[in-house]
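Student: Heads up: the sequence shown begins at 253 in the numbering used here, then just goes up one per residue. For every residue, glycine included, the Cβ atom is placed at its ideal position computed from N, Cα and C. Take a look at the following structure, please.
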Amino acid sequence: MYRKVVIYLHAKHHQLMNFLLNQNGAYVSATTLAESLNVTDRTIRNYIKEINQNCSDITIISSTLGYAIKQEQIVPHNDFVNDQEMEDALLDCRIIKYLMNKKEYTSYDEIADTFFYSPQTIRSRIQKLTMNIHALGLDVQIDTKVFKGIKMNGSEIQKRVLLESFFTSISVKKEVYKDFVVSGFNSWVDATIVEAVFRIVDMVNKEYELNLEFSMYKKMTIQLIIIIHQINHQHLVEIESEECGSLVSFKEFEVVETLQKHLCDYVNIINGEVVFLVNYLISLQLDLEEAQIEHKDTTIMSKIEAILWQVEKVYGVPTFSESRFRSNISNHIYRIIYPVSHNLLIYNPFVKEAKSQYFFSFSIASHIALLIEKEFLVEIQDSEIAYLAYHIQVILDSQSKKKIKTIILYHRGYERTKLLASKITTYFDELDVCNVEKYSLDYVFSHNYLYIGINLVAAPKGIENLILIQSAFQSSDIKKIRFYLESQNSIIEQSAIYWLQENSPEQMIYQLLRLNDQETFYPSIMKRERISYTSIGNSVAIPHPYFEKEVFKESIIIGVNKQPIVWGNEFVQLVIIYIPSSDIERNEYAFAEFFQKTKSIENVRQLVHAHSKEEFINIWNHI
Numbered sequence: 253m254y255r256k257v258v259i260y261l262h263a264k265h266h267q268l269m270n271f272l273l274n275q276n277g278a279y280v281s282a283t284t285l286a287e288s289l290n291v292t293d294r295t296i297r298n299y300i301k302e303i304n305q306n307c308s309d310i311t312i313i314s315s316t317l318g319y320a321i322k323q324e325q326i327v328p329h330n331d332f333v334n335d336q337e338m339e340d341a342l343l344d345c346r347i348i349k350y351l352m353n354k355k356e357y358t359s360y361d362e363i364a365d366t367f368f369y370s371p372q373t374i375r376s377r378i379q380k381l382t383m384n385i386h387a388l389g390l391d392v393q394i395d396t397k398v399f400k401g402i403k404m405n406g407s408e409i410q411k412r413v414l415l416e417s418f419f420t421s422i423s424v425k426k427e428v429y430k431d432f433v434v435s436g437f438n439s440w441v442d443a444t445i446v447e448a449v450f451r452i453v454d455m456v457n458k459e460y461e462l463n464l465e466f467s468m469y470k471k472m473t474i475q476l477i478i479i480i481h482q483i484n485h486q487h488l489v490e491i492e493s494e495e496c497g498s499l500v501s502f503k504e505f506e507v508v509e510t511l512q513k514h515l516c517d518y519v520n521i522i523n524g525e526v527v528f529l530v531n532y533l534i535s536l537q538l539d540l541e542e543a544q545i546e547h548k549d550t551t552i553m554s555k556i557e558a559i560l561w562q563v564e565k566v567y568g569v570p571t572f573s574e575s576r577f578r579s580n581i582s583n584h585i586y587r588i589i590y591p592v593s594h595n596l597l598i599y600n601p602f603v604k605e606a607k608s609q610y611f612f613s614f615s616i617a618s619h620i621a622l623l624i625e626k627e628f629l630v631e632i633q634d635s636e637i638a639y640l641a642y643h644i645q646v647i648l649d650s651q652s653k654k655k656i657k658t659i660i661l662y663h664r665g666y667e668r669t670k671l672l673a674s675k676i677t678t679y680f681d682e683l684d685v686c687n688v689e690k691y692s693l694d695y696v697f698s699h700n701y702l703y704i705g706i707n708l709v710a711a712p713k714g715i716e717n718l719i720l721i722q723s724a725f726q727s728s729d730i731k732k733i734r735f736y737l738e739s740q741n742s743i744i745e746q747s748a749i750y751w752l753q754e755n756s757p758e759q760m761i762y763q764l765l766r767l768n769d770q771e772t773f774y775p776s777i778m779k780r781e782r783i784s785y786t787s788i789g790n791s792v793a794i795p796h797p798y799f800e801k802e803v804f805k806e807s808i809i810i811g812v813n814k815q816p817i818v819w820g821n822e823f824v825q826l827v828i829i830y831i832p833s834s835d836i837e838r839n840e841y842a843f844a845e846f847f848q849k850t851k852s853i854e855n856v857r858q859l860v861h862a863h864s865k866e867e868f869i870n871i872w873n874h875i
């Protein structure tokens, strides 16, 4: 699950860096940043100076165009901390280590005495800790009882992942990281064990050509250190060792056997722990060759393929009928079913980019995720939905764009009309002329075709998908057809636009639907929000119904809120409700258009400052 991990910063620093991170290396002017944060240009310059002085892993660069974060520095899972924030982060980790192995309730005073802080400070840190645990999506709770104190509840697996997530989210330079780990875990393991773990991970990285990026390297080393301590102190995971047989054909199992062999001097990794470690490595999405799995469980595979067939029926995307796509997606889902069944977070540092750039694919992937959850009784987080979105995007990109089915109608002169039909297809490659038919007064039109009438006598009126031209096919006739084709891609002109002052996503969605007499979509849109929030960054959210088997008529409702509202992990001010059409290609086009128009925060700021529909449309069309 993607997390706004810059949680230890001053709120304004946090907001500033997120704005810049959202731009993927593009420059943002000081004026736009100042306006977004409601501060002066001078304050923005001071913030940037403070960030550059205190953050080791990031530099905000400037030019005549404004400020930006270099593309190669954009690592969503890093924190940016100064000395005080580092101390707070380490205190959080020490509290987690202290609580995770306590079976009884502990008082705030006892924790305060242990770490030499005031009870008020400990109480405050634990309150923040509780919120951050919830944001991670882990099944760990800090239970508080009056007169008894606090206790951490959750499985051994969830507690281990919690500690690793918090520790590895602290930003530390690579060259001093080993010393930092020795210091952070000196109460748990000896420095020689830390040295050995780093050496073994380096060896495995080289032997299996994993090409571990630093954030993944940190996760792997810290989890191994946690495993060594927990096993040696008899805090074991509760996993049926029989699951081991199901994982033998996974390449990660071979990696674990190698780790097991080299760690034997420090810990005895028994079967249940082997299962956990294999699942953990699968969740990291290691770059392993020969990822295809032999001897798959046929029951699991049949359920996965049934899901892919159902998705294809709803969306018309060949997730099942094309064998290569079915094989790739089903293999991926089969791999992640095991770790997610233990609520292990699938590692993916690029969730935000996938969610915004491939929003339509992400929506289809969200549908797949919901079906997986129902079928396998697991929880699928955004990080995994993003991987599924990549697979869907590959399918969409591979498909040739669908042409508009067209029928040419004539009154007389069949042969001449046939020649004109060829001429029309030469001018307009997007048209697929299916037939040339003679028109009569009782001719029945279908909504599934575009009709081009040639010299029709007593032509019918009010038929939207009929274009009347002359056989001479002059420039005015060409313009008629071109205008019709361009109007099919028109998104914004027919939209409803409202200016509101709401306080929550639920209120915003309901009010926009109510104002447009479309309240019936509210349950389906909220169902989609529960799968994964539709906020995409840059103060934008694109709510839409959960696609099932309904046939929708396209509708766009835009809301500009007076102030930003919290929408999942984002702040949102521009809301675009999209009721999809029955045409899958049209929906893909619409979501791509929304992304292109809102991928710059400066463009979004212009849109939310519009005071009328005309002004909004004018800005939109000029972006």
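Could you give the distance in angstroms between the alpha-carbon of Lys865 and the alpha-carbon of Gln746?
Tutor: Straight-line Cα distance between these residues: approximately 11 Å.
Student: Name the two residues that bound the continuous beta strand (DSSP E) containing Ser807.
Tutor: Note, Ser807: beta strand (DSSP E), 807 to 819.
Student: Between which two residues does the beta strand (DSSP E) harbouring Gln393 extend?
Tutor: Segment 392 to 397, the beta strand (DSSP E) holding Gln393.
Student: Do you know whose CA, among Gly665, Lys675, Val592, Tyr319, lies nearest Ile637's CA?
Tutor: Cα-wise, what sits closest to Ile637 is Val592.
Student: Please classify Leu718: does DSSP put it in a helix, a strand, or coil?
Tutor: It is a strand residue.
Student: Are the stretch 648 to 668 and the stretch 696 to 709 touching by the rule of at least three beta carbon pairs closer than 8 Å?
Tutor: Output reads yes: the stretch 696 to 709 touches the stretch 648 to 668.
Student: Taking DSSP's pairing of strands, which residues face Tyr230 in a bridge?
Tutor: Lying outside 253 to 875, the shown extent of the chain, residue 230 is not represented and no answer is given.
Student: Less than 8 Å between C-beta atoms, sequence neighbours within five positions excluded: which residues of the same chain meet that for Tyr762?
Tutor: So the list reads Glu771, Tyr774, once near-sequence residues are dropped.
Student: Apart from the five residues on each side of it in sequence, which residues of its chain come closer than 6 Å, Cβ to Cβ, to Arg412?
Tutor: Contacts found: Ile478.
Student: Starting from Val500, trace the alpha helix (DSSP H) in both directions and tell me its first and last residue.
Tutor: Val500 -> no alpha helix (DSSP H), and no H or E assigned at all.
Student: Taking the continuous alpha helix (DSSP H) assigned at Asn405, which residues delimit it?
Tutor: First-last for Asn405: 401 to 406, but that is the beta strand (DSSP E), not the alpha helix (DSSP H).
Student: How big is the Cα-Cα spacing for Leu289 and Thr295?
Tutor: So the alpha carbons of these two residues sit roughly 10 Å apart.
Student: Excluding the five sequence neighbours on either side, which residues of its own chain have a C-beta within less than 6 Å of the C-beta of His514, listed in chain order?
Tutor: Once the five neighbours on either side are set aside, the close Cβ partners of His514 are Ile452.
Student: For Leu764 and Tyr785, I'd like the C-alpha separation in whole angstroms.
Tutor: Cα-Cα distance, rounded: 17 Å.
Student: Classify Leu381: buried if its beta carbon has 16 or more other beta carbons within 10 angstroms, exposed otherwise.
Tutor: Answer is buried; the Cβ neighbour count reaches 16.
Student: Buried or exposed: where does Asp331 fall if 16 or more other Cβ atoms within 10 Å of its Cβ makes it buried?
Tutor: Bear in mind that a pLDDT of 41 at Asp331, under 50, signals an unreliable position, so the model cannot answer this.
Student: Put Gly318 into one of helix, strand or coil per three-state DSSP.
Tutor: Three-state DSSP puts Gly318 in a strand.
Student: So, are the CB atoms of Asn790 and Lys851 less than 8 Å apart?
Tutor: Cβ atoms of Asn790 and Lys851: closer than 8 Å.
Student: How about Ile552 and Tyr586: do their beta carbons lie closer than 8 Å?
Tutor: Cβ distance < 8 Å, so Ile552 and Tyr586 count as in contact.
Student: May I have the straight-line CA-CA distance separating Ile385 from Tyr360, to the nearest angstrom?
Tutor: If I take the Cα positions, the gap works out to 19 Å.
Student: Does DSSP put Phe680 in a helix, in a strand, or in coil?
Tutor: The answer is coil: DSSP assigns Phe680 none of H, G, I, E or B.
Student: With DSSP collapsed to three states, give me the class of His863.
Tutor: Coil, per DSSP.
Student: May I have the straight-line CA-CA distance separating Lys548 from Ser498, to the nearest angstrom?
Tutor: Near 8 Å, if we compare the C-alpha coordinates of Ser498 and Lys548.
Student: Taking 6 Å as the limit between beta carbons, can you name the residues of its chain near Gln393, skipping five residues before and five after?
Tutor: Excluding residues within five positions, the ones whose Cβ falls inside 6 Å are Asn405.
Student: With C-beta atoms as the reference, is Leu273 less than 8 Å away from Val280?
Tutor: No, these two residues do not count as a Cβ contact at 8 Å.
Student: In the structure shown, what three-state DSSP assignment does Lys355 receive?
Tutor: Here Lys355 sits in coil by DSSP.
Student: So, under 8 Å CB-CB, Asn873 and Ile744 are touching, yes? Tell me the CB distance rounded to an integer number of Å.
Tutor: 7 Å between Cβ atoms; contact.
Student: Between the Cα of Tyr691 and those of Glu682, Leu464, Ile704, spot the shortest distance and give me the residue it belongs to.
Tutor: The residue with the shortest Cα to Cα distance from Tyr691 is Ile704.
Student: State the CB to CB distance for the pair Val526 and Tyr460, rounded to an integer number of angstroms; the pair is presumed to be in contact (CB under 8 Å).
Tutor: Not quite, the Cβ-Cβ distance comes to about 17 Å (not below 8 Å), so this is no contact.
Student: Roughly how many angstroms separate the alpha carbons of Glu625 and Ala842, rounded to a whole number?
Tutor: Cα to Cα, the separation comes out at about 28 Å.
Student: How many Å lie between His329 and Pro816 at the Cα?
Tutor: Reliability of the predicted coordinates at His329 is poor, the pLDDT of 40 falling under 50, and no value is obtained from them.
Student: I'd like to know whether the C-beta of Phe847 is nearer than 8 Å to at least one C-beta of chain B.
Tutor: Chain labels in this structure do not include chain B; a single protein chain is all it has.
Student: May I ask which residues mark the beginning and end of the beta strand (DSSP E) holding Thr658?
Tutor: Thr658 -> beta strand (DSSP E) spans 656 to 662.
Student: Less than 8 Å between the CB atoms is what I'm expecting for Ile877 and Arg377, so what's the real figure, rounded?
Tutor: Not covered by the structure: residue 877. The range shown for the chain is 253 to 875.
Student: Where does the unbroken alpha helix (DSSP H) through Ser756 begin, and where does it stop?
Tutor: Segment: none, Ser756 is in no alpha helix (DSSP H) and carries neither H nor E.
Student: Could you give the distance in angstroms between the alpha-carbon of Leu414 and the alpha-carbon of His487?
Tutor: So the two alpha carbons sit approximately 15 Å from each other.
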